[in-house]
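Residue numbers (my numbering), protein chains in the order written: chain Y, 1 to 293; chain P, 1001 to 1336.
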């Protein structure tokens, strides 16, 4: 049974249509909508590229704002360059891999602490009243402000960068889990209890699934934050990674390399979001057919 | 009200015309510099000894943070400053990008310091080890930025020995100059390559020793005369205002003469004020650092042959880049 079949019940079929005809019409309409979104998105991107190309060419800004084709060529060259012809130390894949490892270390450790804590805070009022004011007091400190302290505590190197990522992504994860757990409808909980769910069973069968959409949103926001912060952290306390590459290319006055690094961050960030959050989403929300309560 | 405005316009025009006639006395220039930073202290000496005013210049100060050496060339390119005092490597980088694109180089080094001022300090327990012994050790060396002048110079020295930094097991870590000493004391760094001030602070704290210094000749005899401090400007501005450029360069040379002639205590006070350091630290530094400018064509050539070729070999600058793309010494008056 596909998604449409699941959603459309016999009561939704308008008069004068057979169920099959209606499903076929819906599928055609959905395909048209998808195509329309695709071409509109492509047209939007193309317009941006054209404006970018024109600005670069007409204003003679090739060195400050390299043309999109030049940047694209450089992305390809960068991805195929060998170590011996590379100005920025290790191969680009090593830079990306190190950044990925640091980002994931900060992100996963924050998720392991923030999500259970958020769920507990959301469900236990007494704990929430004790803990939340302190957390809300620390929250406004920007992630980048932790960098000097992180260097002082952990020294120059990976630990400082991982800590800064942790400090940045911890709060969105915590707040989303806490809100999700706090806002579960009492009806849902009562329904669970009516079916005999108590304690751990109630938590895993009712509370966690009902909170999942919030947690997924928190994960999505946090992963973007992790990539943003990894770049800032590596600029100050690292000798490799994509942030280091950005900093070095700035000092070399190579705008094309700067933009290449930015595009690579965007690609890797998007891919990790799809891979990690997308997978979690598939295995939870879609599998359990969860709707926010 | 309207009539008053109409009358005000010719009056203002007349006044500005008067200003134009006396332009030699009131030329306004915008000068960028690393601040606080000991290598740019000659600017402050020029301000304090009135050499800018004596050369008919009104200077608008445009400071940028220490370590952010690329900001200087970026400011010049954007037209936000006319001249800058800072590092020299970035000038070659930016000129190279323009030459690679088939355009004329936009920035030129017109003056430089009389010494290099590169100090490679290591923590005390590494004393007595040779460079070859240190090569295989996993040392963490602090630099103020990834394309630091000090690193370029060190690479050039290694090149003369047929080596590169890849032959070393060291990690080069970017860290602000003020943080280098705390990082070394807390064993987060094994050493650093930076200026005379940071070296002096490390020596005073007994945290390390000077392993190599170009002023001492450790990086080759030619490297002794390399200009560590660069004075550069926008080529279009310099070509449009050659007289102003000459007077600006002369102001810094006059300040250098003032430094030579002034009592040590006076200069220590000025240098302490500019670098925001304790005068006792500056007094210690005094014999280790020469803030004067006075680049000779020979020093510029030495810079080009040592540092320029090292940067070409590493791919930082284009082989198409020439000496005259980077240097323009035509605004310097020959020393009598």
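Ideal placement from N, C-alpha and C gives every residue a C-beta, glycine not left out.
Predicted, not measured: the structure shown is a model, and the values here were computed from it.
Measure the CB-CB distance between residue 1218 of chain P and residue 1117 of chain P and report whether it falls below 9 Å. The residue you call residue 1218 of chain P lines up with position 218 of the second chain. The residue you call residue 1117 of chain P lines up with position 117 of the second chain. Going by C-beta atoms, residue 1218 of chain P is not nearer than 9 Å to residue 1117 of chain P.
Determine the direct distance from the alpha carbon of residue 73 of chain Y to that of residue 159 of chain Y, and round the result to whole angstroms. For the purposes of this step, residue 159 of chain Y is taken as the residue at position 159 of the first chain. For the purposes of this step, residue 73 of chain Y is taken as the residue at position 73 of the first chain. If I take the Cα positions, the gap works out to 35 Å.
Residues in the region 1314-1325 of chain P with C-beta within 8 Å of chain Y's C-beta atoms, listed in sequence order? Listed in sequence order: 1314, 1315 and 1316.
Backbone CA spacing between residue 266 of chain Y and residue 196 of chain Y [nearest angstrom]: Along the first chain, one-based indexing puts residue 266 of chain Y at 266. Along the first chain, one-based indexing puts residue 196 of chain Y at 196. When rounded, the distance between both Cα atoms is 47 Å.
Would you please verify whether the beta carbon of residue 1062 of chain P is less than 9 Å from any beta carbon of chain Y? For the purposes of this step, residue 1062 of chain P is identified with residue 62 of the second chain, where counting begins at 1. It does not; no Cβ of chain Y falls within 9 Å.
Jot down the residue ranges of each uninterrupted alpha helix (DSSP H) in the region 141-217 of chain Y, minimum 4 residues, whole runs only, in chain order. 147-154, 158-182, 186-194 and 199-202
Tell me where the beta strand (DSSP E) around residue 1111 of chain P begins and ends. In the second chain, the residue the question calls residue 1111 of chain P occupies position 111. 1107-1112 is the span of the beta strand (DSSP E), which, as asked, contains residue 1111 of chain P.
Cβ separation of residue 253 of chain Y and residue 1094 of chain P, assumed to be a contact under 8 Å, to the nearest whole Å: Reading the first chain from its first residue, position 253 is the one you call residue 253 of chain Y. Reading the second chain from its first residue, position 94 is the one you call residue 1094 of chain P. Right, the Cβ-Cβ distance comes to about 4 Å (below 8 Å), so this counts as a contact.
In whole angstroms, what is the alpha-carbon distance linking residue 1330 of chain P and residue 1140 of chain P? As a first step, residue 1330 of chain P is located in the second chain; it is residue number 330 there, counting from the start. As a first step, residue 1140 of chain P is located in the second chain; it is residue number 140 there, counting from the start. Residue 1330 of chain P and residue 1140 of chain P: Cα-Cα distance of roughly 42 Å.
Can you list the residues of chain Y that residue 1175 of chain P reaches, using a CB-CB cut of under 9 Å? By one-based count along the second chain, residue 1175 of chain P stands at place 175. Result: 151, 156, 236 and 237.
Of all Cβ atoms in chain Y, is any one closer than 9 Å to the Cβ of residue 1329 of chain P? Here residue 1329 of chain P refers to the residue found at position 329 of the second chain. For residue 1329 of chain P, the answer is no, since every Cβ of chain Y falls outside 9 Å of its Cβ.
Thinking C-alpha only, which one of Y/136, Y/94 and Y/239 is nearest residue 178 of chain Y? To locate residue 178 of chain Y, count along the first chain from 1; it is residue 178. It is Y/136.
Checking 9 Å against the spacing of the C-beta atoms, do residue 1323 of chain P and residue 1198 of chain P come in under that value? Taking the first residue of the second chain as 1, we reach residue 1323 of chain P at position 323. Taking the first residue of the second chain as 1, we reach residue 1198 of chain P at position 198. Cβ atoms of residue 1323 of chain P and residue 1198 of chain P: not closer than 9 Å.
I'd like the list of long-range same chain contacts for residue 66 of chain Y, defined as Cβ closer than 8 Å, with 5 residues on each side in sequence excluded. Locating residue 66 of chain Y in the first chain gives position 66, where the first residue counts as 1. The answer, listed in chain order, is 56, 74, 255, 256 and 259.
Please name the residue in Y/245, Y/223 and Y/234 whose C-alpha comes closest to that of residue 270 of chain Y. Along the first chain, one-based indexing puts residue 270 of chain Y at 270. For residue 270 of chain Y, the nearest C-alpha among the options comes from Y/223.
Three Cβ pairs or more, each shorter than 8 Å: is that satisfied between the region 223-238 of chain Y and the region 45-52 of chain Y? Here the region 223-238 of chain Y makes no contact with the region 45-52 of chain Y; the two share fewer than three CB pairs at distances below 8 Å.
Residue 1107 of chain P to residue 1075 of chain P span [Cα, whole Å]: Working through the second chain from its first residue, we reach residue 1107 of chain P at position 107. Working through the second chain from its first residue, we reach residue 1075 of chain P at position 75. Computed Cα separation, rounded: 11 Å.
At the 9 Å Cβ level, is residue 1146 of chain P part of the contact set with chain Y, yes or no? As a position in the second chain, residue 1146 of chain P is number 146, starting the count at 1. For residue 1146 of chain P, the answer is yes, since a Cβ of chain Y falls inside 9 Å of its Cβ.
Report the residue from Y/68, Y/175, Y/285 and Y/143 whose alpha carbon sits nearest the alpha carbon of residue 228 of chain Y. Position 228 of the first chain, counted from the first residue, corresponds to residue 228 of chain Y. The shortest C-alpha separation from residue 228 of chain Y is found at Y/143.
Tell me which residues share the same chain as residue 1252 of chain P and place their Cβ nearer than 7 Å to its Cβ, disregarding the 5 neighbours each side in the sequence. Taking the second chain and counting its residues from 1, one reaches residue 1252 of chain P at position 252. Counting only Cβ-Cβ distances below 7 Å, and skipping sequence neighbours, we find 1042, 1046, 1111, 1231 and 1293.
Give the DSSP-derived three-state secondary structure of residue 1308 of chain P in the structure shown. Sequence index remark: in the second chain, residue 1308 of chain P carries index 308 (1-based). Residue 1308 of chain P: helix per DSSP, three-state reduction.
Boundaries (first-last residue) of the alpha helix (DSSP H) holding residue 99 of chain Y: The count along the first chain starts at 1 and reaches residue 99 of chain Y at position 99. According to the DSSP assignment, residue 99 of chain Y belongs to the alpha helix (DSSP H) that extends over 92-123.
Can we say the region 108-124 of chain Y touches the region 161-177 of chain Y, given the rule of at least three CB pairs closer than 8 Å? yes
Using beta carbons (cut-off 9 Å, strictly below), is residue 1093 of chain P in contact with chain Y? Taking the first residue of the second chain as position 1, residue 1093 of chain P is located at position 93. So, interface residue.
How should residue 39 of chain Y be labelled, buried or exposed, when 16 other C-beta atoms within 10 angstroms of its C-beta is the threshold for buried? Counting from 1 along the first chain, the entry for residue 39 of chain Y is found at position 39. That one is exposed.
Between residue 107 of chain Y and chain P, is there a C-beta pair that is closer than 9 Å? For this step, residue 107 of chain Y is matched to residue 107 along the first chain. Not one chain P Cβ lies under 9 Å of residue 107 of chain Y.
Cβ of residue 250 of chain Y less than 9 Å from any chain P Cβ? Position 250 of the first chain, counted from the start, is the residue given in the question as residue 250 of chain Y. Yes, residue 250 of chain Y lies at the interface with chain P (some Cβ there is under 9 Å from its Cβ).
Inter-residue spacing [alpha-carbon to alpha-carbon] between residue 1058 of chain P and residue 1325 of chain P: Looking up residue 1058 of chain P in the second chain gives position 58. Looking up residue 1325 of chain P in the second chain gives position 325. Approximately 28 Å, taken between the alpha carbons.
Same chain only: Cβ atoms within 6 Å of residue 284 of chain Y, ignoring 5 sequence neighbours per side: Counted from its first residue, the first chain places residue 284 of chain Y at position 284. Closer than 6 Å at Cβ, skipping near neighbours: 212.
Residue 1290 of chain P - partner residues in DSSP beta bridges: As a first step, residue 1290 of chain P must be located in the second chain, where it is residue number 290. DSSP, once it has assigned bridges, lists no residue as partnering residue 1290 of chain P.
Taking Cβ positions only, does residue 63 of chain Y come closer than 9 Å to chain P? Looking up residue 63 of chain Y in the first chain gives position 63. It does: the Cβ of residue 63 of chain Y has a partner Cβ on chain P nearer than 9 Å.
Residue 1130 of chain P: buried (16+ other C-beta within 10 angstroms of its C-beta) or exposed? Walking along the second chain from the start, residue 1130 of chain P turns up at place 130. Exposed.
Which residues, in chain order, does the region 1094-1127 of chain P contribute to contact with chain Y at a C-beta distance below 7 Å? 1094, 1097, 1098 and 1101
What in chain Y is Cβ-close to residue 1090 of chain P, meaning under 9 Å? Counting from 1 along the second chain, the entry for residue 1090 of chain P is found at position 90. Below the 9 Å Cβ cutoff, chain Y contributes 251, 252 and 253 as neighbours of residue 1090 of chain P, in chain order.
Considering only their Cβ atoms, is the gap separating residue 1162 of chain P from residue 1307 of chain P smaller than 9 Å? Residue numbering aside, residue 1307 of chain P sits at position 307 when the second chain is read from its first letter. Residue numbering aside, residue 1162 of chain P sits at position 162 when the second chain is read from its first letter. No; because the gap between Cβ atoms is not below 9 Å, this pair is not in contact.
Rounded to whole angstroms, how far is the Cβ of residue 1247 of chain P from the Cβ of residue 1056 of chain P, which I believe are closer than 8 Å? Position 247 of the second chain, counted from the first residue, corresponds to residue 1247 of chain P. Position 56 of the second chain, counted from the first residue, corresponds to residue 1056 of chain P. Yes, they are in contact, since the Cβ atoms of residue 1247 of chain P and residue 1056 of chain P sit about 6 Å apart, within 8 Å.
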